[in-house]
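For the record, the sequence lines run as chains A and B.
At position 271 of the first sequence the residue is numbered 271 (the UniProt record's numbering), and the sequence of numbers has no breaks.
At position 56 of the second sequence the residue is numbered 56 (the UniProt record's numbering), and the sequence of numbers has no breaks.
Number of protein chains: 2
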Amino acid sequence: MSYSITTKDIEARRKRDGRLVAGTAARADIGSFKTFSGWRELPKARRWDHLISKESAAREPCVLKKAAVHLKKPGLISLGGGLPSPANFPILSMGLRVPNGETEFSDAAAATEDGGAATQMGKYDASQPLGATSGGSGPAEEYDLSIALNYGQAAGSAQMLRWVTEHTELVCQPPYSDWSTCLTVGSTGALEQALRIFCDRERHDALLTEAYSFSTALETAKPMGIRVVGVELDEQGLIPESLDNILSGWDVQARGGTAKPHLLYTVPSGQNPTGATQSVERRHAIYEVCQRHDVYILEDEPYYFLQMPPYQRDRPAASSEPAPAQTPEEFLGTLVPTFVSMDVDGRVMRMDSFSKVLVPGSRMGWLTASEQIIERFVRHAEACNQGPAGFSQASLYQILEKTWGHEGYIKWLAHIRESYTQRRNTLLDACEDHLPTSVVSWTPPTAGMFHWLRVDHSKHPEHGKRSILEMEEEIFDQCIENGVLVGRGSWFAAEPDQPPAGLFFRVTYASASATNMTEAITRFGDAVRKTFRL
Amino acid sequence: MSYSITTKDIEARRKRDGRLVAGTAARADIGSFKTFSGWRELPKARRWDHLISKESAAREPCVLKKAAVHLKKPGLISLGGGLPSPANFPILSMGLRVPNGETEFSDAAAATEDGGAATQMGKYDASQPLGATSGGSGPAEEYDLSIALNYGQAAGSAQMLRWVTEHTELVCQPPYSDWSTCLTVGSTGALEQALRIFCDRERHDALLTEAYSFSTALETAKPMGIRVVGVELDEQGLIPESLDNILSGWDVQARGGTAKPHLLYTVPSGQNPTGATQSVERRHAIYEVCQRHDVYILEDEPYYFLQMPPYQRDRPAASSEPAPAQTPEEFLGTLVPTFVSMDVDGRVMRMDSFSKVLVPGSRMGWLTASEQIIERFVRHAEACNQGPAGFSQASLYQILEKTWGHEGYIKWLAHIRESYTQRRNTLLDACEDHLPTSVVSWTPPTAGMFHWLRVDHSKHPEHGKRSILEMEEEIFDQCIENGVLVGRGSWFAAEPDQPPAGLFFRVTYASASATNMTEAITRFGDAVRKTFRL
């Protein structure tokens, strides 16, 4: 069964629901934020008890938060939890200057009356009528600093959970009923929490991932005693046949006692470091292999909205005309469907992040997964971080909810994708112009921030005498000498004790200026030429 | 060797140091923020390699952050790390309205021109002269949103680390040379990270703590397979003789294979739940026992600055006259010295938090410990949270650094302590007036937010027939019936499988109004009277 909803549907549901009443540390009812009216009739997710670690299984609900159930009793006075009084918070109001979500999104535009909006959140906005200080009497706001800056639920505030739940339904339409969401402190932390749910040191658990993978993910898994197993990839990312082969032929003894893996970590769009994006067919095939071998999927999608049109060397110059207006649904239609959208079993935990599309410093993202997994995750969050900061929740609420709305946010995403597309084009142009194509080859990325360069080590004058790692170091050192920092392929090897599959470098087009990108690629090309004596 | 510094000394050092230059993801040099000129001559901390867990020992530095060392090379262009360009951050500026730190601190005062200050942080304040948009040419700011909201070091920004290092030196004067600091996402998360540094499931590690302890701390330790061992406490908190007895008589076999503990978790001031505060003599005695048994100390001090004068029933009415002005040094002189201040071995990790004295929603605190331990902690933070949110760091910077300074912050702390003192007095008055002292007894707390009530279970009409836990439940249920929520003593038992030492309830004076506190205590008294048939 499939369904779809639009931003208009969300607006209509909001109107029916009326004002969200959610005070300090209020629990959110995620179901109440779903717009598709038939969600309760969808099949339920599978249970994952057999995969859950000893540590995670042993987590009990926080006793003080459990006691909060009594707070519903009318007239009850709590001397229970030690929540400070907001009278003692030294912040009366917080304001942001942001683009207004209507016209242009540039810094310059945001600084003007036309293109910018000044948002403001007061300490008591949710408990007094709008404009109360100036004699007004509008309805109160739904969120304020007295709520955002006090202790809250580790899952996040109801106000932000409503927003991410709606956005997730708009983007993913999960095909099972008990899908849920919770906020995270960013996907880096969310991954560590996920690994602690699914992996036991004593059980000798393993983690499947792309043969070249996000280095921080690898660095997170290893100290926990998790054996990382690399799956081959091509220009469409992880290869399902390789995944199937590894799982079908798994030999515990030959693997030194490591149990057959039941967990896959993958970055489907603009994979870090290879830049590869899985097609929809590829995703379906991977999902099917995971179903067959009972593998749970951690879908990490920081770059999902940075999916770009294919790179073309000969293209019309970037126009100063605004791009034709797209509806939110048209924009979303250009994106490869998510794993969650095909997740009939509820075997996917999707990690979304605001880091790459808003600001990394929010240290805030969110999960989509079945209620069982979200509940285990939140139990851990109560101990390890208590959810994202109130300052972040208050700030993003002001931008996403009060200034942009869902439609404005999608416009922002389209703007950001356009910005990264131009950056990618600049870098790819420089590669075509300045790299020795006799030894350096690549596939133009269609998502994300990274470009993966393969250097043909067999053409190195000392091929056979020098190892790939030695050549990598030689080129890297020459790059530094030439004044460019690039990522060494070996930094991203899922199994660094195995011989490398090739000689690779990762470059990013995320932040350098156009001039600097071109200069940097020239320097990289010179380093390759010098070491390969071309 | 002991030393002391003042806020004036800090100001003088700052002046000598000049402008702090620390851009995006800059590493902080903690030593450069120390004011005591002789710190390098102090003895070094001991090494704790023998206590560090397998997981923590296996953590290697983040490869991408290591590569950042090359960024120092002049003229180098980085295509290395995927840091987004701040041009893509949709926030031009952020402003807060806060009390100005000079006169009054109330909401009402902060809303006025006289008592309030409007602070502002722009995106590029650190890279353009002050007032550049209006033609000005002052020196640039030291911190801005382009830095705060990008990826940063997991240890925290140099700008905030300078502040907490100075504050720590002012308060603690650590007596060893290689003490260091790093930011945390709050002490709840910091404790979990600390436990993962010092405890191994396979090693059957144990954690010593007060027999009644912070429930979230207990809930953090247990799923990790850590055996919690309760140490007896009295009105001055943890009893060193009890600690010594447990350690001296430790029998691994009798303890079911649990190794002799090497880790103590303690809340020295206003302990949660008992409200007890360790005297300076008590702290010295505890430290000495820990030295003798090679125990590392986790000092959790959320309530340190909420140390109050002793409670007196007959006291002058709260005066509307401002209290006599105190210098920062006078205020700090009223506080019991910290464990860090007596930590000649570097065996203490102190956890400080802004939650109880500024806002919980900052999800930001900091650690003080030896460089070795801070380094292990930060390695983990790189994987599990990447440090506190940039919105929090930017907000607290605006309040602490730009508006208050160290002296203003100490004034704020004195204000908050006064506010809690009045709250405590109200609650204690109500206890004297409304509780049946024939069965309920207590020691007035001199710090924190909690008050611990002992009910004499031997006076219960069904004493001998009913267990303490049954009586506790009966009273709790009657409390709910009467309309008051209190904490049950058993929620805080370090070893819930052991018979309880008594019948206890925890009440907080943190947030209820004076009227509600009095009413709530009356209801609690009625519940006790009813169940005890008084």
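Ideal placement from N, C-alpha and C gives every residue a C-beta, glycine not left out.
In this structure, does DSSP put residue i in helix, strand or coil?
i                      : result
residue 62 of chain A  : coil
residue 408 of chain B : helix
residue 447 of chain A : strand
residue 393 of chain A : helix
residue 463 of chain A : strand
residue 153 of chain A : coil
residue 535 of chain A : In the structure as shown, chain A starts at 1 and stops at 534, and residue 535 of chain A therefore has no counterpart that could be examined.
residue 506 of chain B : strand
residue 342 of chain B : helix
residue 439 of chain B : coil
residue 501 of chain A : coil
residue 386 of chain B : coil
residue 122 of chain A : strand
residue 183 of chain A : strand
residue 77 of chain A  : strand
residue 146 of chain B : helix
residue 229 of chain A : strand
residue 547 of chain B : Lying before the first or after the last residue shown, residue 547 of chain B is absent from chain B, which here runs from 1 to 534.
residue 491 of chain B : helix
residue 178 of chain B : coil
Quick one: which chain A residues come within Cβ less than 7 Å of residue i?
i                      : result
residue 391 of chain B : 361, 362, 389, 391, 392 and 395
residue 520 of chain B : 77 and 79
Could you work out which residues of chain A lie near residue i, taking near to mean beta carbons separated by less than 9 Å?
i                      : result
residue 589 of chain B : Nothing about residue 589 of chain B can be read from this structure; chain B reaches only from 1 to 534.
residue 188 of chain B : 382, 383, 384, 385 and 386
For residue i, go through chain B and note every residue whose CB falls closer than 7 Å to its CB, in chain order.
i                      : result
residue 84 of chain A  : 356, 360, 510 and 511
residue 105 of chain A : 90
Quick check on the DSSP output: the alpha helix (DSSP H) that includes residue i runs from which residue to which?
i                      : result
residue 300 of chain A : Taken as a continuous stretch (DSSP letters only), residue 300 of chain A belongs to no alpha helix (DSSP H), being part of the beta strand (DSSP E) at 296-300.
residue 160 of chain B : 158-172
residue 287 of chain A : 280-292
residue 210 of chain B : Counting along the chain, residue 210 of chain B falls outside any alpha helix (DSSP H), though it belongs to the beta strand (DSSP E) covering 206-210.
residue 469 of chain B : 468-482
residue 333 of chain A : 328-333
residue 242 of chain B : 240-248
residue 7 of chain A   : 7-17
Please classify residue i: is it buried, with 16 or more other beta-carbons within 10 angstroms of its beta-carbon, or exposed?
i                      : result
residue 15 of chain B  : exposed
residue 357 of chain B : buried
residue 451 of chain B : buried
residue 448 of chain A : buried
residue 167 of chain B : buried
residue 112 of chain A : exposed
residue 40 of chain B  : exposed
residue 72 of chain B  : exposed
residue 393 of chain A : buried
residue 49 of chain A  : exposed
Output the boundary residues of the beta strand (DSSP E) element that contains residue i.
i                      : result
residue 370 of chain A : 365-370
residue 188 of chain B : It is not in any beta strand (DSSP E) - residue 188 of chain B instead sits in the alpha helix (DSSP H) that spans 187-198.
residue 309 of chain A : From DSSP, residue 309 of chain A is part of no beta strand (DSSP E); its letter is neither H nor E.
residue 263 of chain B : 263-266
residue 94 of chain A  : 93-99
Whose Cβ in chain B lies nearer than 9 Å to the Cβ of residue i?
i                      : result
residue 471 of chain A : The contacting residues do not exist; residue 471 of chain A stays about 18 Å from chain B at best.
residue 110 of chain A : 90, 91 and 92
So with CB distances below 8 Å, who are the chain A contacts of residue i?
i                      : result
residue 192 of chain B : 383 and 384
residue 377 of chain B : Ordered by position in chain A, no residue passes the 8 Å Cβ test against residue 377 of chain B, which lies about 13 Å from the chain.
residue 216 of chain B : 62, 64, 382 and 383
Give the interface partners of residue i over in chain B, defined as CB-CB distance under 8 Å, in chain order.
i                      : result
residue 516 of chain A : 77
Touch test, the stretch 458-473 of chain A against the stretch 282-298 of chain A, Cβ-Cβ under 8 Å, three pairs minimum: Remark: fewer than three beta-carbon pairs, one from each stretch, lie closer than 8 Å, so the stretch 458-473 of chain A and the stretch 282-298 of chain A are not flagged as touching.
Near-chain D residues of the stretch 138-151 of chain B - C-beta to any C-beta below 7 Å: In summary, chain D is missing from the structure at hand, where the protein chains are A and B.
Contact between the stretch 335-346 of chain A and the stretch 163-175 of chain A (3+ Cβ pairs under 8 Å): Under the 8 Å Cβ criterion, the stretch 335-346 of chain A counts as touching the stretch 163-175 of chain A, having at least three qualifying pairs.
The stretch 420-438 of chain B touching the stretch 302-315 of chain B, judged by at least three CB pairs closer than 8 Å: Yes, they touch.
At least three beta-carbon pairs within less than 8 Å, the stretch 362-370 of chain A to the stretch 432-452 of chain A: No: fewer than three Cβ pairs fall under 8 Å.
Inter-stretch contact at 8 Å, needing at least 3 Cβ pairs: the stretch 193-203 of chain A / the stretch 368-381 of chain A: Touching, yes, given that three or more Cβ pairs across the two stretches are closer than 8 Å.
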